[in-house]
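One structure is given below, encoded as C-alpha cells.
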Amino acid sequence: VKDSISGEPIPFVNIWVENETIGTTSETNGNFSLDIKEEKVLVFSALGYETKKSSTKSEIILLKPKVFELNEVVVSNSKNSRTININSFKKGKINVYFGAGIQPTIIAKKIEFTEQIQSHPFLKEINFLSRCDIDNAKIILRFFDADSEGKPGNDFLDTNIVLEIKKGKKNNRVNLEKDKIRIPEEGLFIAFEWLIIEENKYTYTYTLEEEKNKIVYKNGMNYQPHIGTTPSENQTSWHYTKGKWLKRGKFNQDIKSSKYQDKFGELAIQLTLTN
818 VKDSISGEPI PFVNIWVENE TIGTTSETNG NFSLDIKEEK VLVFSALGYE TKKSSTKSEI
878 ILLKPKVFEL NEVVVSNSKN SRTININSFK KGKINVYFGA GIQPTIIAKK IEFTEQIQSH
938 PFLKEINFLS RCDIDNAKII LRFFDADSEG KPGNDFLDTN IVLEIKKGKK NNRVNLEKDK
998 IRIPEEGLFI AFEWLIIEEN KYTYTYTLEE EKNKIVYKNG MNYQPHIGTT PSENQTSWHY
1058 TKGKWLKRGK FNQDIKSSKY QDKFGELAIQ LTLTN
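Take the sequence shown: its position 154, counted from the start at 1, is 971 in my numbering, and no numbers get skipped.
Encoded structure:
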C-alpha cells in the first residue's frame, strides 16, 4: 500500500474483505497478505487517506491523501487553568476487556457534551486500562466527530497517535495538550484501532475437556492488546466492522462476571478536561 503522491509505503492501513469478517493490517513497509482463494473486493482504510476499494488482483494499492479543512482559529488571552476528571474507574474492579481477536477492529466511545464539559471543553489527558500478554503491542488512538445520525463520522485529528502498550495490566496516560482538542457540542468519539501486524500477534496453548481419558491441547492466536471496560446501563460504544459502524449490544448471561451480565460494556477511559 503506497501514498499516491509520494509513492512512500503506508504502514498500519486496515484492510477488510468487503462484507466479511476477514481482514489484516499493512506492516511498517506497507506490505500485507491475505489468504483468499477467489477474487474479492478489499476495503482499505487509513487515517489521513480516502477509503478505497480494490480487487484482490491488484498488487499495488495507491491511497489518495485527504484534504482537511482547518477550523476557525480564535485568539484570546490565556486564563488560569482549571482541570476536572470525568468517567473515573477503579483498576481493581475491571475484569472484562475488549479485544480484536484476529481481525481489524475499531471500538469507539461517545463523550456527550455536558455542562461540565461546557466549562472545561479542552481534552488535556486520557487514562485507560489495558491488559497485554506481550510487551510493546501497538494500537492507534483515534478521534471522530458525530455525524448527523449520531454515529462516528469524520476524523477529528489528521495525525495518527500510535501507542505502545506494556505487558500486564496497566493504567495508560496519554497527554493531549498539544493537540488542542475542544469537545464539540455534538459530542466526540474516542476510539482504539487494533492492528493485525506480526509484532502484535500472541499465540498460546489451551486445553479442552478430556477425550477418552486424554487431555486435548489446542493452539490459539489473537492480536494484542486488550482494553478494559466498565459495565453500564447506557449504550455509548460503537464497533467498526465489515466497513461500517454498528452499535455494541449488551453482554449476555454467559459472561463470567455477574456485574457485567445484561449490561453494556463501555471503554474504561477517564478524561482530564481543562478550561
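Using N, Cα and C, we set each Cβ at its ideal position, and we do this for glycine too.
Report task. Say whether the segment 1072 to 1079 touches the segment 1037 to 1044, bearing in mind that this needs 3 or more beta-carbon pairs closer than 8 Å, one atom from each stretch. Result -> No, because fewer than three Cβ pairs between the segment 1072 to 1079 and the segment 1037 to 1044 fall closer than 8 Å, the two stretches do not touch.
Query - Per DSSP, the bridge partner or partners of L1063 - result: For this step, residue 1063 is matched to residue 246 along the sequence shown. Beta-bridge analysis with DSSP links L1063 to H1056.
Requested in this report: Look at F1009 and I924 and say whether their C-beta atoms are less than 9 Å apart.
Outcome: Position 192 of the sequence shown, counted from the start, is the residue given in the question as residue 1009. Position 107 of the sequence shown, counted from the start, is the residue given in the question as residue 924. Yes, the Cβ-Cβ distance between F1009 and I924 is below 9 Å.
Query raised in the report: Just reading off the alpha helix (DSSP H) that I934 is part of, what are its end residues?
Result: Numbered from 1 along the sequence shown, position 117 holds the residue referred to as residue 934. It spans E932 to S936 - the alpha helix (DSSP H) in which I934 sits, taken as one unbroken run.
Requested in this report: Check whether the segment 859 to 873 touches the segment 1046 to 1056, taking contact to mean three or more Cβ pairs, one atom from each stretch, closer than 8 Å.
Outcome: By the Cβ rule, the segment 859 to 873 does not count as touching the segment 1046 to 1056, because fewer than three pairs are nearer than 8 Å.
Query - Neighbourhood of N992 by C-beta distance below 8 Å, restricted to the same chain and skipping five residues each side - result: For the purposes of this step, residue 992 is identified with residue 175 of the sequence shown, where counting begins at 1. The answer, listed in chain order, is K941 and E942.
Requested in this report: Kindly examine the ligand ADP and report whether one of its heavy atoms sits closer than 8 Å to the Cβ of T1046.
Outcome: What this structure holds is no ligand at all, so the ligand ADP is not there to describe.
Requested in this report: Going by DSSP, name the residue or residues bridged to I839.
Outcome: Position 22 of the sequence shown, counted from the start, is the residue given in the question as residue 839. According to DSSP, I839 bridges with nothing at all.
Report task. Locate the beta strand (DSSP E) running through K869, then write down its first and last residues. Result -> Position 52 of the sequence shown, counted from the start, is the residue given in the question as residue 869. It spans K869 to S872 - the beta strand (DSSP E) in which K869 sits, taken as one unbroken run.
Query raised in the report: Of the residues E1015, D952, N944 and I903, which one's Cα is nearest the Cα of N989?
Result: What you label residue 989 is simply residue 172 of the sequence shown in a count that begins at 1. For N989, the nearest C-alpha among the options comes from N944.
Query - Among A917, I903, E844 and N846, the one whose alpha carbon lies nearest that of T838 - result: Position 21 of the sequence shown holds residue 838. The option with the nearest alpha carbon to T838 is A917.
Report task. Evaluate the contact criterion for the segment 943 to 963 versus the segment 994 to 1011: three or more CB pairs, one atom per stretch, below 8 Å. Result -> Yes: at least three Cβ pairs fall under 8 Å.
Report task. Check whether the Cβ atoms of E1083 and T1058 lie closer than 9 Å to each other. Result -> As a first step, residue 1083 must be located in the sequence shown, where it is residue number 266. As a first step, residue 1058 must be located in the sequence shown, where it is residue number 241. The Cβ atoms of E1083 and T1058 do not sit closer than 9 Å to each other.
Query - Exposure of I998, with buried meaning 16 or more beta-carbon neighbours within 10 Å - result: Here residue 998 refers to the residue found at position 181 when the sequence shown is read from its first residue. Classification for I998: buried.
Query raised in the report: Where do the N-terminal and C-terminal ends of the beta strand (DSSP E) with Q1087 fall, by residue?
Result: Within the sequence shown, residue 1087 is the residue found at index 270, counting from 1. From DSSP, the beta strand (DSSP E) with Q1087 extends over I1086 to T1091.
Query - Beta-carbon separation (whole angstroms), V818 vs L880, contact threshold 8 Å - result: For the purposes of this step, residue 818 is taken as the residue at position 1 of the sequence shown. For the purposes of this step, residue 880 is taken as the residue at position 63 of the sequence shown. For V818 against L880, the beta-carbon gap comes to about 6 Å, under 8 Å, which counts as contact.
Query raised in the report: I think I1013 touches T841, with their Cβ atoms under 8 Å apart; what is that distance to the nearest whole Å?
Result: As a first step, residue 1013 must be located in the sequence shown, where it is residue number 196. As a first step, residue 841 must be located in the sequence shown, where it is residue number 24. Correct: roughly 5 Å between the Cβ atoms.
Query raised in the report: Taking Cβ positions, are D1079 and N1069 nearer each other than 9 Å?
Result: For this step, residue 1079 is matched to residue 262 along the sequence shown. For this step, residue 1069 is matched to residue 252 along the sequence shown. When the beta-carbon positions are compared, D1079 and N1069 come within less than 9 Å of each other.
Requested in this report: Report the option in E835, N836, S843 and D820 whose CA atom is closest to the CA atom of P828.
Outcome: Taking the first residue of the sequence shown as position 1, residue 828 is located at position 11. Nearest Cα to P828 within the set E835, N836, S843 and D820: S843.
**Report entry** Residues sharing a beta bridge with S1049, DSSP
**Finding:** Numbered from 1 along the sequence shown, position 232 holds the residue referred to as residue 1049. Beta-bridge partners of S1049 (DSSP): F1081.
Report task. Tell me K907's beta-bridge partners as DSSP assigns them. Result -> Residue 907 sits at position 90 when you count from the first residue of the sequence shown. In the DSSP output, where bridge partners are listed per residue, K907 has none listed.
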